[in-house]
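Step one of this worksheet: look at the structure below.
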Amino acid sequence: MVTTQKKDKKITIITATWTEDDMGQRIPEWEPLSSGENIWAYYRQASADEFFGAAAIKYKVEAIFKIKWRNDIDVTMKVRFRGTDYGITRIDDFEGNKQDLVIYAYVVK
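Counting in our numbering, the sequence shown runs from 102 upward without gaps.
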């Protein structure tokens, strides 16, 4: 069975800007990355094999997003999708082909 990976969902990449509270502790404020709003993405939940495979090497994967290639995203950022924030575990750029990025992520609670 062939499945298409149509990029038909909108996501936002958010990044932390840091402020300090009254006690001097750094607090992140999550804001959209410049040109990081309304990015077309393919979305799916991670399969059981992907979930347990990731756990074996000590990282979490609950969702997978595939977007058009860009060079301004890293694992310190988050993906916001349907009102839920996802921490980025890793980013696969297909050996530098500059066509797509696959973002492996988990729900931030």
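Glycine included, C-beta positions come from ideal geometry on N, C-alpha and C.
Check the Cα spacing between I114 and each of T190, D186, R191, Q106: the tightest is with D186.
About 6 Å separates the beta carbon of A206 from that of F166, a gap short enough to meet the 8 Å contact definition. Less than 8 Å divides the Cβ of Y144 from the Cβ of A164. For the pair V180 and Q106, the Cα-to-Cα distance works out to about 18 Å.
For A149, the three-state secondary structure derived from DSSP is helix. The three-state secondary structure of L134, taken from DSSP, is coil. Ranked by Cα distance from L134, the first of M178, L202, G188 is M178. In the DSSP annotation of this structure, the continuous segment of the beta strand (DSSP E) that includes R191 starts and ends at 185 to 193. The beta carbon of G188 is closer than 7 Å to those of K179, A206, Y207, V209 in its chain, skipping five residues each way along the sequence. Counting along the chain, the unbroken beta strand (DSSP E) around I112 starts and ends at 110 to 121. Per DSSP, Y160 is not a residue of any beta strand (DSSP E), being assigned neither H nor E.
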